[in-house]
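Heads up: the sequence lines are chains A and B, in that order. Numbers in the working numbering are just positions in the first sequence, counted from 1, shifted up by 1. Numbers in the working numbering are just positions in the second sequence, counted from 1, shifted up by 1. What follows is a short report on a single structure.
Protein chains: 2
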Amino acid sequence: MDIKTLCLGVLTQGDASGYDIKKHFECVFSHFYVAGFGSIYPALTELTREGLVTCREEPQPNRAGRKVYALTPAGREAFEKSLIATPPRHRIRSEFFVLLHFAHLLPVARLRAVLDERLGDITRTVHELQRVMNECTGGECALHPAQRFEVELALVTTKAHRDYIASHRAALLQQVETAQPERFRA
Amino acid sequence: MDIKTLCLGVLTQGDASGYDIKKHFECVFSHFYVAGFGSIYPALTELTREGLVTCREEPQPNRAGRKVYALTPAGREAFEKSLIATPPRHRIRSEFFVLLHFAHLLPVARLRAVLDERLGDITRTVHELQRVMNECTGGECALHPAQRFEVELALVTTKAHRDYIASHRAALLQQVETAQPERFRA
DNA sequence: GACAACATGTAATAGGTTACATGATTTA
DNA sequence: TAAATCATGTAACCTATTACATGTTGTC
Numbered sequence: 002m003d004i005k006t007l008c009l010g011v012l013t014q015g016d017a018s019g020y021d022i023k024k025h026f027e028c029v030f031s032h033f034y035v036a037g038f039g040s041i042y043p044a045l046t047e048l049t050r051e052g053l054v055t056c057r058e059e060p061q062p063n064r065a066g067r068k069v070y071a072l073t074p075a076g077r078e079a080f081e082k083s084l085i086a087t088p089p090r091h092r093i094r095s096e097f098f099v100l101l102h103f104a105h106l107l108p109v110a111r112l113r114a115v116l117d118e119r120l121g122d123i124t125r126t127v128h129e130l131q132r133v134m135n136e137c138t139g140g141e142c143a144l145h146p147a148q149r150f151e152v153e154l155a156l157v158t159t160k161a162h163r164d165y166i167a168s169h170r171a172a173l174l175q176q177v178e179t180a181q182p183e184r185f186r187a
Numbered sequence: 002m003d004i005k006t007l008c009l010g011v012l013t014q015g016d017a018s019g020y021d022i023k024k025h026f027e028c029v030f031s032h033f034y035v036a037g038f039g040s041i042y043p044a045l046t047e048l049t050r051e052g053l054v055t056c057r058e059e060p061q062p063n064r065a066g067r068k069v070y071a072l073t074p075a076g077r078e079a080f081e082k083s084l085i086a087t088p089p090r091h092r093i094r095s096e097f098f099v100l101l102h103f104a105h106l107l108p109v110a111r112l113r114a115v116l117d118e119r120l121g122d123i124t125r126t127v128h129e130l131q132r133v134m135n136e137c138t139g140g141e142c143a144l145h146p147a148q149r150f151e152v153e154l155a156l157v158t159t160k161a162h163r164d165y166i167a168s169h170r171a172a173l174l175q176q177v178e179t180a181q182p183e184r185f186r187a
């Protein structure tokens, strides 16, 4: 699934500017997709050209005008069709796992830093997911049942990942330290 | 990290042909990286041109000759340097999560199929990881401590993912079924 | 007789990332 | 006064995917 389709998806939840969509990617989508301005803005231009979204300019006082995009009926239809046709793939691209796989070629100090950095990242992800759950549990921005399922699934998976690293980190470092030659202690 | 660097990594574990490297990606690396022939063969050609690997042709009886690649000292050094400089990122790109997020726009039957397909995929992944663990626990192809850590981490994470889906699947489908309008029952 | 596995490669295309370019307002 | 947030966009580059192209051997 490409960024264009994902932008249509965001717009099913309400009109938004490119900047708003980027924030949506950072908050709600961050645990399963990444996209930067460099892909979002061209995507919106292209979608407008194709008639799947419309663009209105909202001038703001003391500020550059925002371009607010809205889904057209054709856009909604295209998104729904695309959704139904999308196979449920789930791919991981992880330099972290690469580093673990070749850790015997890495100084112990670097391995320790790698584990700590990963632990920091994943802790941030857990907080973000919990924030989404809490914010949307009561009030106005209710989650659909499947969205609740989605966030909880991400949460249990991420926590399992974090807990394994946290509880086996020390043992791994000790094992590697005793096994590796002198030059790698640095 | 690009495919070229990963090919160097595979070659630190012994000489191999492009075909061998592809198999390695499918078996050992499949849970954190994907690569096809279309990226592996050009990568090997380029690495040869750069002097990071050498290529010898091994003619086989009644069969097309294999091109076996070997790491040069420069290649090993380049890989180790690249390894130390690589930040431990871990990204997920998941159409499965996208489908969950927009499940309210999907027919229930399709959602059911999506969950089942995902469950099938993840079960295959678990089997593959368990195979790696078992094959390499005793005998000659021993895993390094960090590789054991790597596979076990992938295993606990993947199992947590699978178990959540398996135990909440039915409840989700029921909830969605009662909530969705008539036209989506199909 | 068909299909899977072995074995290598190219070319066109799609797709995204990074860096560049700009500038106002709000918060610490 | 420095940094973060708001706000949009382009261009060059890099990388990978897909489809194409070919042929043998072993297995069901």
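Cβ atoms here follow ideal geometry from the backbone N, Cα and C, with glycine treated the same way. Values in this document were obtained by computation on a predicted structure and should not be read as measured data.
query, result
"Neighbour flag for V133 (chain A) against chain B, beta carbons, 8 Å", "no"
"Where Y165 (chain B) falls: helix, strand or coil (DSSP)", "helix"
"Chain A contact for I93 (chain B) (CB, 8 Å cutoff)", "yes"
"Neighbour flag for V177 (chain B) against chain A, beta carbons, 8 Å", "yes"
"Chain B contact residues for G10 (chain A), given Cβ-Cβ distances below 9 Å", "V99, H102, F103 and L106"
"Short CB-CB distance (under 8 Å) between H128 (chain A) and chain B", "no"
"Burial state of G19 (chain B) (16 or more Cβ within 10 Å)", "buried"
"Proximal chain A residues relative to I166 (chain B), where beta-carbon distance stays under 9 Å", "F150 and L154"
"C-beta atoms of V35 (chain B) and V133 (chain B) nearer than 8 Å", "no"
"Cutoff 6 Å; reference V69 (chain B); Cβ partners in own chain excluding five residues on either side", "D16, S18, R57 and E59"
"Residue from B:L106, B:L101 and B:Q131 whose Cα sits closest to the Cα of D117 (chain B)", "B:L101"
"Euclidean distance between Cα positions of T158 (chain B) and L53 (chain B)", "35 Å"
"Between the CA atoms of G10 (chain B) and L84 (chain B) - distance to the nearest angstrom", "9 Å"
"Beta-carbon proximity of I123 (chain B) to R94 (chain B), cut-off 8 Å", "no"
"Candidates A:L107, A:K5, A:Q176 and A:A114: closest to F150 (chain B) by CA position", "A:Q176"
"Of the residues A:A75, A:A71, A:K24 and A:I4, the one placed nearest P43 (chain A), counting alpha carbons only", "A:I4"
"Residue environment, E78 (chain A), which counts as buried when at least 16 other CB atoms sit within 10 Å", "exposed"
"Neighbouring residues, chain B, relative to L173 (chain A) (Cβ below 7 Å)", "P146, A147 and F150"
"Test item: CB-CB of T71 (chain A) and T55 (chain A) under 8 Å", "It is Ala, not Thr, that sits at residue 71 (chain A) in the sequence shown. Yes; because the gap between Cβ atoms is below 8 Å, this pair is in contact."
"Backbone secondary structure at S95 (chain A) - three-state DSSP", "strand"
"Classification of E129 (chain A) by the beta-carbon crowding that lies within 10 angstroms, buried from 16 upward", "buried"
"Sheet register partners of E58 (chain A) (DSSP bridge)", "A:K68"
"Chain A residues whose Cβ lies nearer than 7 Å to that of V109 (chain B)", "In chain order: nothing, as chain A lies at least about 10 Å away."
"Own chain residues within Cβ distance below 8 Å of R170 (chain B), not counting five before or after", "L116 and L120"
"Rounded C-alpha distance that separates P108 (chain B) from L12 (chain B)", "47 Å"
"Residue-chain proximity (H25 (chain A), chain B), Cβ-Cβ < 8 Å", "no"
"Under the three-state DSSP convention, the category A17 (chain A) falls into", "strand"
"Residue of A:P89, A:P88, A:T6 and A:K24 minimising C-alpha distance to G76 (chain A)", "A:T6"
"Inside the segment 100-147 of chain B only - alpha helix (DSSP H) runs reaching at least 4 residues", "109-136"
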